[in-house]
Amino acid sequence: MDMSSMTPEAWQELKNVFHSVIELAPRDREAVLEQACRGNDELRRHVEALLASHDAPSDFLGSPAVIDAGLIKTTDYQAGEEPPTRVGQRIGPYEIIRELGHGGMGTVFLAVRADDQYRKEVAIKLVNRGMDTDMILRRFMMERQILANLEHPNIAGLLDGGSTEDGLPYFVMENIEGERIDKYCNLHDLSIPERLRLFREVCGALQYAHQNLVVHRDIKPGNILITSEGVPKLLDFGIAKLLTPNWNTETGDVTASMVGLLTPEYASPEQLRGLGITTASDVYSLGVVLYELLSGNRPYELKSRLPDEVVQIVLREEPEKPSTVVSRQLSQSRRSTAESRSIKQTPDRKAGSRFAIPNPKSLRGDLDNIVLKALRKEPSRRYSSVQELSEDIRRHLDGLPVTASPDTVSYRAGKFVQRHKVGVLAAAVVLITLIAATLVTTWQARVARIERARAEQRFNDVRKLANSVVFEFHDSIQNLPGSTPSRELLVSRALEYLDNLAKEAGHDTSLQLELAAAYDRIGDIQGGFGTSHLGQRQKASDSYRKALAIREQLVAQEPQNIDFRRQLASSYIKLGNILWVQVDMNGPLEFYGKALEINKQLAVELPNDLEILSALAMSYGKFGYMHGANNHVNEAIENTRKAVEIMESLSVTYPNNVQIKADLAISYDRVAEILTALTDKHEEALALMRKAQAIGEELAAADPLNTKLRRGQAVGHLNVALVSAKLNDTKNALDSARKALAIFAVMQAADPENEEFRQGVAMTQTLVGELMIKNGEAAEAIKLLRAPLLALEKSFAASPTDEIAHFRLANVQAELGKGHAALATDGRYPSSARMVHWREARSWFQKSQAIYKIFLDAGKLSGEDAARLDAVNEAIARCNTAIGS
Numbered sequence: 003m004d005m006s007s008m009t010p011e012a013w014q015e016l017k018n019v020f021h022s023v024i025e026l027a028p029r030d031r032e033a034v035l036e037q038a039c040r041g042n043d044e045l046r047r048h049v050e051a052l053l054a055s056h057d058a059p060s061d062f063l064g065s066p067a068v069i070d071a072g073l074i075k076t077t078d079y080q081a082g083e084e085p086p087t088r089v090g091q092r093i094g095p096y097e098i099i100r101e102l103g104h105g106g107m108g109t110v111f112l113a114v115r116a117d118d119q120y121r122k123e124v125a126i127k128l129v130n131r132g133m134d135t136d137m138i139l140r141r142f143m144m145e146r147q148i149l150a151n152l153e154h155p156n157i158a159g160l161l162d163g164g165s166t167e168d169g170l171p172y173f174v175m176e177n178i179e180g181e182r183i184d185k186y187c188n189l190h191d192l193s194i195p196e197r198l199r200l201f202r203e204v205c206g207a208l209q210y211a212h213q214n215l216v217v218h219r220d221i222k223p224g225n226i227l228i229t230s231e232g233v234p235k236l237l238d239f240g241i242a243k244l245l246t247p248n249w250n251t252e253t254g255d256v257t258a259s260m261v262g263l264l265t266p267e268y269a270s271p272e273q274l275r276g277l278g279i280t281t282a283s284d285v286y287s288l289g290v291v292l293y294e295l296l297s298g299n300r301p302y303e304l305k306s307r308l309p310d311e312v313v314q315i316v317l318r319e320e321p322e323k324p325s326t327v328v329s330r331q332l333s334q335s336r337r338s339t340a341e342s343r344s345i346k347q348t349p350d351r352k353a354g355s356r357f358a359i360p361n362p363k364s365l366r367g368d369l370d371n372i373v374l375k376a377l378r379k380e381p382s383r384r385y386s387s388v389q390e391l392s393e394d395i396r397r398h399l400d401g402l403p404v405t406a407s408p409d410t411v412s413y414r415a416g417k418f419v420q421r422h423k424v425g426v427l428a429a430a431v432v433l434i435t436l437i438a439a440t441l442v443t444t445w446q447a448r449v450a451r452i453e454r455a456r457a458e459q460r461f462n463d464v465r466k467l468a469n470s471v472v473f474e475f476h477d478s479i480q481n482l483p484g485s486t487p488s489r490e491l492l493v494s495r496a497l498e499y500l501d502n503l504a505k506e507a508g509h510d511t512s513l514q515l516e517l518a519a520a521y522d523r524i525g526d527i528q529g530g531f532g533t534s535h536l537g538q539r540q541k542a543s544d545s546y547r548k549a550l551a552i553r554e555q556l557v558a559q560e561p562q563n564i565d566f567r568r569q570l571a572s573s574y575i576k577l578g579n580i581l582w583v584q585v586d587m588n589g590p591l592e593f594y595g596k597a598l599e600i601n602k603q604l605a606v607e608l609p610n611d612l613e614i615l616s617a618l619a620m621s622y623g624k625f626g627y628m629h630g631a632n633n634h635v636n637e638a639i640e641n642t643r644k645a646v647e648i649m650e651s652l653s654v655t656y657p658n659n660v661q662i663k664a665d666l667a668i669s670y671d672r673v674a675e676i677l678t679a680l681t682d683k684h685e686e687a688l689a690l691m692r693k694a695q696a697i698g699e700e701l702a703a704a705d706p707l708n709t710k711l712r713r714g715q716a717v718g719h720l721n722v723a724l725v726s727a728k729l730n731d732t733k734n735a736l737d738s739a740r741k742a743l744a745i746f747a748v749m750q751a752a753d754p755e756n757e758e759f760r761q762g763v764a765m766t767q768t769l770v771g772e773l774m775i776k777n778g779e780a781a782e783a784i785k786l787l788r789a790p791l792l793a794l795e796k797s798f799a800a801s802p803t804d805e806i807a808h809f810r811l812a813n814v815q816a817e818l819g820k821g822h823a824a825l826a827t828d829g830r831y832p833s834s835a836r837m838v839h840w841r842e843a844r845s846w847f848q849k850s851q852a853i854y855k856i857f858l859d860a861g862k863l864s865g866e867d868a869a870r871l872d873a874v875n876e877a878i879a880r881c882n883t884a885i886g887s
């Protein structure tokens with residue numbers, strides 16, 4: 003019984019028996035094994051092999067379970083007779099020209115369309131005869147489905163698919179004519195920065211696959227081709243793994259059974275051990291490829307490709323720094339001209355594509371640390387995502403500090419000087435000038451002491467503002483993952499001198515404009531609506547009101563100034579947003595209405611101004627949405643549809659404008675939310691939300707590192723889930739909700755201090771739990787709902803004025819009540835256990851009831867939200883009846 007060909011059922015049986023005895027003392031295992039294996043000697047032999055490997059950890063590193071139990075073979079595969087050639091055969095409308103290559107389970111052929119419709123060269127992948135086992139066929143079909151779902155300019159696309167006359171499945175892909183990434187870099191003599199930029203494009207393609215819940219599992223130079231135009235293409239998802247739960251069961255995927263198909267030099271430690279595979283495995287393989295691109299060598303010196311040798315070296319040895327390897331190569335080349343002509347290369351290198359040794363200094367420090375972090379043996383210590391690895395490379399290229407290097411003051415200072423050599427020199431000149439000016443000022447002090455004191459104070463305030471680089475620093479980091487702590491530091495330092503500077507502004511218009519803009523940005527960081535923020539809603543409101551006061555004064559002084567009025571409308575919008583998230587039902591309508599009136603007048607004066615028309619559309623949308631929150635159905639639909647009308651017109655005129663596309667998606671969502679909340683037009687709402695979702699997917703794919711666009715992508719999935727649930731389409735609702743949760747979870751992991759991302763995860767987990775209860779999975783839903791319960795309790799405790807967190811906490815409590823009520827009515831449980839669930843359900847319903855009543859008494863519960871309290875009251879009554887009290 004070769005475990006590399008073990009069926010999913012047999013593998014599951016092996017796992018079940020292994021886990022049933024693993025915690026027992028060795029002397030107690032015999033009787034359990036005897037009964038569990040029931041005379042199946044092969045099963046028992048493999049279980050005992052796994053147990054022996056588990057009980058002897060030192061031996062595991064030398065000969066791990068994947069070898070001891072037969073998961074990968076320790077001898078080379080002996081091929082039988084050569085299969086008959088398929089050259090010249092027809093597969094569908096294509097004629098095979100020649101073989102391009104073959105792998106663990108299939109062969110790739112070059113083919114040409116031969117049905118006279120048109121002529122096009124393609125690549126056809128076909129399962130090898132003899133490999134058409136159930137598991138391989140399912141894996142092959144899985145690869146075809148994966149490619150069908152992945153549409154990205156850097157991923158080889160799927161064109162067609164079907165089955166041959168003799169029953170073998172095939173699929174047709176783009177024929178990528180290009181060089182392996184390592185050979186391409188060497189043939190074109192790319193510099194280290196050029197290699198890094200090319201590598202980041204590969205990261206973007208792989209991150210897109212991860213966002214679509216696909217792990218490649220076989221990243222290597224041979225699966226990354228570079229076209230003649232310099233465009234990378236990611237190939238071969240033949241052993242990829244889908245992370246969605248249903249795929250494992252549908253494909254019969256068994257992680258261990260696929261170990262034999264890996265390329266061992268690029269496989270992660272967990273892959274070689276036959277453990278569970280996550281996106282961290284692809285990060286490791288990317289690290290190997292990056293190591294090779296930078297140093298011309300792989301991180302481990304392998305004498306052969308025998309699995310036991312590969313595993314022993316990868317699991318036990320630590321790779322050298324790339325700069326160390328390059329230094330040694332450089333030293334050898336200097337000692338001998340002959341050696342310089344035969345530098346140690348990786349196995350596949352040809353004489354015409356040799357690695358040009360770079361200066362070790364170019365790798366030392368950041369690049370060494372980046373590569374070694376990606377290659378850490380423990381998945382939890384690597385980069386949390388491909389995006390994070392790519393972002394560190396970008397920061398290195400831009401001369402910014404990277405997360406892989408120690409965050410010391412000297413390190414950051416060195417980076418700053420390196421980026422701003424001219425600025426630092428200029429600062430030195432300015433400093434000398436200031437010293438000279440100070441001497442002159444001292445000499446004149448007796449003549450103008452009072453004037454000098456005031457000028458010095460003003461000068462110090464302005465200098466402090468300039469040195470803090472409020473605008474430049476904020477703009478460069480606001481969309482980066484993990485930037486929340488840095489932005490919080492900016493807030494604490496900026497507010498101090500902004501308030502002081504405001505006292506000195508007087509009638510200086512330019513300084514007042516600068517102050518208003520600065521207060522706006524501070525408010526965005528503290529708690530801005532739809533931005534990455536710190537959850538400090540009341541502080542954000544205070545900052546926005548300071549900006550508003552300045553702008554109202556400026557408009558009063560110059561009522562015809564277009565820029566002043568435009569900025570005033572923006573302030574009204576920001577105040578309306580904050581009041582809305584603070585669950586004020588009337589204040590937002592007032593401020594949104596003021597902004598709408600200003601933008602209407604501006605659009606009359608400047609009817610072709612893109613910025614003004616976009617602002618007008620957004621004002622209509624917000625004004626209409628707030629009417630909906632106050633149950634004004636006709637006004638809500640009328641205004642939100644006007645927003646869509648304007649944005650659709652602008653999208654035709656400016657089809658490539660990213661901001662217009664994003665605003666159009668928001669406009670679609672607002673109409674859809676009004677329709678589904680206040681009418682029964684759920685089908686129309688779903689159609690609009692899918693339009694918005696498609697735009698969000700497109701924008702996020704084009705700029706995968708932009709957290710604002712990725713948030714929009716998650717919201718698109720979330721809205722589709724909410725409307726699908728109203729249409730009783732629980733399956734699609736649950737699928738969309740889980741996609742939204744996956745995106746929010748990645749964003750939170752990259753920026754754990756971000757309150758918006760934390761609540762986004764909690765809100766989406768609540769929806770997933772609600773849908774699981776409807777789907778008959780109440781017990782699992784209750785387990786899931788514990789996470790958002792703890793997260794929202796923590797958020798509300800840290801910020802008791804955060805009414806959104808408070809309301810969401812009530813929603814989680816209500817869903818926990820529903821989960822226990824579902825178990826209480828499940829006839830599979832004994833009556834005593836069901837009574838416990840009735841009491842638990844009542845307790846959770848009562849907790850949510852208390853919070854909902856607080857909002858009701860404050861006049862902040864309306865529409866669908868008011869129905870929540872009614873539902874909870876009815877649920878409590880049912881619990882009381884069942885309990886008998």
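If you use my numbering, the sequence shown corresponds to residues 3 to 887, in order. Think of the CB as a built atom: it goes at the ideal place given N, C-alpha and C, for glycine as much as any other residue.
Close-in-space but distant-in-sequence residues of the same chain around residue i (CB under 6 Å, 5 per side omitted)
i, result
"A12", "none"
"V204", "I226 and P234"
"S392", "R202 and C205"
"E181", "I228"
"S412", "A caution first: S412 carries a pLDDT of 45, below 50, which makes its placement in the model unreliable, though a value can still be read off. Excluding positions up to five away in sequence, the list is empty."
Extent of the continuous beta strand (DSSP E) to which residue i belongs
i, result
"F173", "P171 to E176"
"H104", "Y96 to H104"
"K235", "P234 to L236"
"G206", "Element bounds for G206: not the beta strand (DSSP E) but the alpha helix (DSSP H), I194 to Q213."
"D162", "L160 to S165"
"L227", "I226 to T229"
Sequence-distant residues of the same chain with beta carbon closer than 8 Å to residue i, five excluded per side
i, result
"M649", "S616, A619, I662, D665, L666 and S669"
"R121", "V114 and R115"
Which listed residue (the options) has its alpha carbon closest to that of residue i
i, options, result
"Y700", "V388, H822 and L711", "Note that residue 700 is Glu in the sequence shown here, rather than Tyr. Closest by alpha carbon: L711."
"K548", "F566, P561, G762 and Q514", "Q514"
"K644", "K602, T681, D168 and T678", "K602"
"C889", "A694, W846, H629 and R318", "Within the shown structure, residues of the chain are numbered from 3 to 887, placing residue 889 beyond reach of any answer."
"D238", "T265, L35 and S230", "T265"
"T396", "F357, R202, A751 and A752", "In the sequence as displayed, the identity of residue 396 is Arg instead of Thr. The option with the nearest alpha carbon to R396 is R202."
"G589", "V217, M175, F566 and A631", "A631"
"D117", "P95, G886 and V124", "P95"
Residue i versus residue j - alpha carbon distance
i, j, result
"F593", "D510", "27 Å"
"A852", "H808", "11 Å"
"D671", "D867", "19 Å"
"A824", "I806", "27 Å"
"L736", "T681", "23 Å"
"P195", "E647", "46 Å"
"V660", "L652", "12 Å"
"S193", "Y293", "14 Å"
"P360", "H190", "14 Å"
Close beta carbons around residue i, own chain, < 7 Å, minus the five adjacent residues each side
i, result
"L550", "S573 and L577"
"S545", "Y521, I524, G525 and Q528"
"Y854", "A812, L863, R870, L871 and V874"
"F759", "F746, M749, Q750 and D753"
"L369", "L296, P324 and H398"
Any C-beta of chain C under 8 Å from that of residue i
i, result
"L863", "Of the chains in the structure shown, none is chain C; there is only one protein chain."
Residue range of the unbroken alpha helix (DSSP H) whose run includes residue i
i, result
"K127", "Careful: K127 lies outside any alpha helix (DSSP H), inside the beta strand (DSSP E) at E123 to V129."
"G180", "Segment G180 to R182 is the beta strand (DSSP E) holding G180; no alpha helix (DSSP H) there."
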